[in-house]
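Asker: Below you will find the structure I want to go over with you.
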DNA sequence: AATGAATGAGAATTCATTCAT
DNA sequence: TATGAATGAATTCTCATTCAT
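So, in structure tokens, the structure goes:
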């Protein structure tokens, strides 16, 4: 299956694999995993059907390949750098914007893999263990630290992490379902999200009795 | 295709349709739309393959049927009743819990339809127009009203609505991807969500004392 | 299968059979035997699918039914009445016109049955024995008689009968294949046919002068 | 669908197509288009079911393929060469015998295609335009020329052409319907046909003596 | 007798995968 | 390695026929 120890050959192999995965991603996103045919993918990649099987064991293996490439990107982007309380809000905005800038252009990749992820237990488990669980852990730990420092309100970190991540995920799905606001205005979205989950919707004054507060954006 | 004007026959037809849709939902959820076969569905429903075609024009039509049944449930649940400022928070909690109580038990229905929704433009458009767009509109109007009454902070209603709905949707998807926290602790989730989006993560004291509100983005 | 000895019931049964055969003829002619469905035929006849099976054993039996009705018409029309030499030509014209007037309006019945006749050995055998063979025999005998009286040239009666009958059959098929001349001008056709097969294409003067008549095989 | 510009590959493709069409012709002729299954045809051709679809888009496309191969044979055979009056009769005999020698061995091909031709408007139209109409035109022109030279009696060329061609077609159909005379004695048939349509059935003496020639229509 | 829903065998077609070249 | 024709299992859908009402 096209392994090599010659470094030049290895490079060629990696390039060919990527070429095929690019094609597969596009075709899966456009037609869905099942309606996409190996012929489609081969044609898109500009190679013969059979050649795909030199680099991947099966059609399902293409999906794994896409998922694995995604992982690398994902994981690399997961540094929650420390942010002091003072600019925590700004950090959040920047962080969300950064995450979304990584995610949104890859939306179509999600369209390609999500359907199968939802329905294929093996793939799902793999993705959960390799991507979702670590992400949640990181987010939980971060919230925990912030909470301990008194930078954020007390809250169930496990659920808060899921709620926050879920919001991003949900917005992505909303976009994939055809929502144009989410698709077009994602740069503004970060700010709104922070207003929601950091400032809260409660009007600044209302808490007044409890605590004085004023407003985000207008 | 099994239409009738005799009311008794109509009842039988409706019952048979539901029987088939139930089976289809289960099988789609378990195997995904494409891996599910008509034979599977028929067997699950306890009828012959051909009988399905007396009630539905095609396999894809089954998906539409499921979607349409879902609509009815959805739409019926969409009343945002007024809530005064004083108990707005409680209203939110109750509302979210209600929505989730409707959604969570139907999670598997979403697993059945979401993959095709993501990948089938026709279905997607239909679902967007019939379910998502009206939901967003309602949410926007509600936020708008609340904002005008000063019950909530000023915020872009369109994006806020999407963020809120997206959070629910994202949590549902997270659950479908195998997250057990979201699946098991959904009753607590409502409270956490409200803490996040109504109270905000910002600690009660911080806003007033620590820094005079500068507004985000310029 | 709807037999009865009560004469009134028998009449009803015959009527219902004819109603169904009419419908079947139309639908077979329009769609061909195989593309025609029992549902089509039932709908055309204005009855329920199942009812057809009260009167006919199977779909193929409908074809037999059509063929049998056709036989009756055919056979009844087969009287070759004597015609003296003097008006033999006129007789031929009248006879051909008569045959065609019976056949042409039933062209669509032929479209319904001919395809199956060509391809179904059982049906074909039955039709040959019951319709074609007797027709040929009659024609042969007639030619024979005419020949013996010296009213027509000496010719192989068997082949001449086939050639004559084949001409009619061929013209019918030509019409069914879409030829509009044959369809529209069939009343003139009889005259032309007689000019061809009775007078011959040879110009009137040529035969006498050019060559003494040798007879066609014996 | 198996196109190639490499001439060797092209040869292989043409051979495979012919192999499949041969099988299809046999199976269609034996069972009729609808009762013939792709499995039958594949088995007869000695290949796998799916392979047929590498060369033909559908079962109906096989019929088109058969028809097109037929066209080539047909068209090639259509030369009406000039024949002087003296040997016009001989020419006719030779020509008819030639036509029949082309047609009769292909009778089973007609059994394969005629049923669908009769019942499938699209196919029928195509066949009429590509085969029947040109044939009729040629025959008409030929008759016209002969008439102008005084070699044949005055007659409506359009209908005469149809009658002549119809005679051949009808005899072919008669053979397909099981007539053995037509099948076995086709070499004698040519002579009889010419006796009929050139000499005419009218006994040699009768025309001159009994009545002055009235001409058929003008 | 009439109905028409239910049945399930059967057919066309698709497409992942193999393998000879 | 690359190719793409060949394979045949698997799937959707159709429809003649049955039978309970």
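Residue numbers (our numbering), protein chains in the order written: chain A, 20 to 237; chain B, 20 to 237; chain C, 20 to 237; chain D, 20 to 237.
For each residue, glycine too, the CB sits at the ideal point set by N, CA and C.
Just so it is clear, the structure is predicted and the values come from calculations on it, not from any experiment.
1. If we ignore side chains and look at the alpha-carbon of each, how far apart do residue 199 of chain D and residue 120 of chain D end up?
2. List the endpoints of the continuous alpha helix (DSSP H) containing residue 176 of chain B.
3. Could you give the DSSP three-state label for residue 221 of chain C: helix, strand or coil?
4. What did DSSP end up calling residue 138 of chain A once you bin it into helix, strand or coil?
5. Quick check: what's the CA-CA separation for residue 207 of chain D versus residue 213 of chain D?
6. Between residue 128 of chain B and residue 141 of chain B, what straight-line distance do the alpha-carbon atoms span, to the nearest angstrom?
7. At what residues does the alpha helix (DSSP H) containing residue 45 of chain B begin and finish?
8. When you compare each of D/39, D/90, D/52 to residue 149 of chain D by their alpha carbons, which one comes out closest?
9. Anyone know if the C-beta pair for residue 86 of chain B and residue 191 of chain B falls short of 8 Å?
10. On the three-state DSSP scale, how would you describe residue 214 of chain C?
11. Quick check on residue 197 of chain B - is its C-beta less than 8 Å from some C-beta in chain A?
12. Any beta carbon from chain A within less than 8 Å of residue 252 of chain B's own beta carbon?
13. Step through the CB atoms of chain A and report whether any lies within less than 8 Å of the CB of residue 220 of chain B.
14. Please check if any C-beta of chain D sits within less than 8 Å of the C-beta of residue 175 of chain C.
15. Please state whether DSSP places residue 170 of chain D in a helix, a strand or coil.
16. Using a Cβ-Cβ distance under 8 Å, would residue 91 of chain A count as near chain B?
17. From which residue to which residue does the alpha helix (DSSP H) around residue 67 of chain C run?
18. With 16 other CB atoms within 10 Å as the buried threshold, where does residue 218 of chain C fall?
19. Assuming residue 113 of chain C is part of the alpha helix (DSSP H), what are its boundary residues?
20. Return no unless some Cβ of chain A is closer than 8 Å to the Cβ of residue 214 of chain B.
21. Which class does residue 75 of chain D belong to by DSSP, given the choice of helix, strand or coil?
22. Is it buried or exposed for residue 183 of chain C, if we count other Cβ within 10 angstroms and need 16 for buried?
23. Is residue 154 of chain D helix, strand or coil when you go by DSSP?
24. Just to confirm, is the Cβ distance from residue 136 of chain A to residue 143 of chain A under 8 Å?
25. Cβ atoms of residue 204 of chain B and residue 172 of chain A: under 8 Å apart, would you say?
26. Would you report the Cα separation of residue 63 of chain C and residue 187 of chain D, rounded to the nearest angstrom?
27. Below 8 Å on the Cβ atoms is my guess for residue 193 of chain B versus residue 185 of chain A; work out the distance and round it to an integer in Å.
28. Terminal residues of the continuous alpha helix (DSSP H) containing residue 202 of chain A?
29. Chain B partners of residue 167 of chain A, CB-CB under 7 Å?
30. What whole-angstrom Cβ distance do residue 25 of chain A and residue 46 of chain A have, given they're in contact under 8 Å?
31. If you measure from the beta carbon of residue 50 of chain B to each beta carbon in chain A, is any gap under 8 Å?
32. At a Cβ cut of 9 Å, what residues of the region 132-145 of chain C count as close to chain D, listed as they run along the chain?
33. Which residues, in order along the region 109-121 of chain A, keep a beta-carbon less than 9 Å from a beta-carbon of chain B?
34. Let me know the secondary structure DSSP gives residue 55 of chain A once reduced to three states.
35. Name the chain D residues that come within less than 8 Å of residue 182 of chain C, Cβ to Cβ?
Answerer: According to the structure data:
1. Per the coordinates, the alpha-carbon of residue 199 of chain D lies some 16 Å from the alpha-carbon of residue 120 of chain D.
2. 176-195
3. coil
4. helix
5. Rounded to whole angstroms, the separation of the alpha carbons of residue 213 of chain D and residue 207 of chain D is 10 Å.
6. Distance between residue 128 of chain B and residue 141 of chain B, taken at the CA atoms: about 19 Å.
7. 26-50
8. D/90
9. no
10. helix
11. yes
12. Residue 252 of chain B lies beyond the range of chain B shown here (20 to 237); nothing can be said about it.
13. True, the Cβ-Cβ gap to chain A drops below 8 Å.
14. yes
15. Residue 170 of chain D falls in the coil class under three-state DSSP.
16. no
17. For residue 67 of chain C, there is no enclosing alpha helix (DSSP H), since its DSSP letter is neither H nor E.
18. buried
19. Annotation for residue 113 of chain C: the continuous alpha helix (DSSP H) segment containing it runs 107-122.
20. yes
21. coil
22. buried
23. helix
24. yes
25. No, the Cβ-Cβ distance between residue 172 of chain A and residue 204 of chain B is not below 8 Å.
26. 37 Å
27. The beta-carbon distance between residue 193 of chain B and residue 185 of chain A, rounded to whole angstroms, is 5 Å. This is short enough to meet the 8 Å contact definition.
28. 199-203
29. Those do not exist, as residue 167 of chain A stays about 12 Å from chain B at its closest Cβ, beyond 7 Å.
30. At roughly 31 Å, the Cβ-Cβ gap does not stay under 8 Å, so residue 25 of chain A and residue 46 of chain A are not in contact.
31. Against chain A, the CB of residue 50 of chain B has a partner CB under 8 Å away; the residue lies at that interface.
32. 133, 134, 135, 136, 137, 138, 139, 140, 143, 144
33. 109, 111, 112
34. coil
35. Going along chain D in sequence order, the residues near residue 182 of chain C (Cβ under 8 Å) are 186, 190, 208, 211, 212, 215.
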